[in-house]
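When you number the sequence shown by the working numbering, it's gap-free, plus one each residue, and the end is 192. All C-beta atoms, glycine included, are put in the ideal place defined by N, C-alpha and C. Written below as structure tokens is the structure these notes are about.
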Amino acid sequence: MNEQPRSPNEQLQRRTQIRCPGLPLAIYREVAAHLRQVTGVEAELIPQTSQQFDYRDSQIGGLLIQYTEAVDLENQERVNQILAYYQNRYGAWEDVTTEVVP
Numbered sequence: 091m092n093e094q095p096r097s098p099n100e101q102l103q104r105r106t107q108i109r110c111p112g113l114p115l116a117i118y119r120e121v122a123a124h125l126r127q128v129t130g131v132e133a134e135l136i137p138q139t140s141q142q143f144d145y146r147d148s149q150i151g152g153l154l155i156q157y158t159e160a161v162d163l164e165n166q167e168r169v170n171q172i173l174a175y176y177q178n179r180y181g182a183w184e185d186v187t188t189e190v191v192p
């Protein structure tokens, strides 16, 4: 992947955790790869934490999206478009954010 490292001057501004129940691992990886192409956005997969196996559940617990100072309104809109594209095909995203970054 051609992910550009964050410069020391770029501080994280916001974090969002989302998930789409039942979304396959490959699709989570695809979404994360698309989001990483947006300037000022970092995306990583959250491991599944459930102790019980269920074929209907995803292998992934969710997606962590981190926004830096470099995100402007245009880039934020691009993130929304990417997420809407996958939502239209695979189902609604659930916001499971558990912490706020000041």
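By the Cβ criterion, the region 125–141 is not in contact with the region 174–185, since fewer than three pairs of Cβ atoms, one from each stretch, lie closer than 8 Å. Assignment of beta-bridge partners to Gly-152 by DSSP yields Ile-136. When the beta-carbon positions are compared, Gly-152 and Gln-107 come within less than 8 Å of each other. For Tyr-157 and Glu-184, the gap between their C-alpha atoms comes out near 18 Å.
Residue pairing by DSSP places Asp-185 opposite Ile-108 in a beta bridge. Gln-103 sits in a strand when the DSSP states are folded into three classes. For the pair Val-169 and Val-128, the CB atoms are nearer than the 8 Å cut-off.
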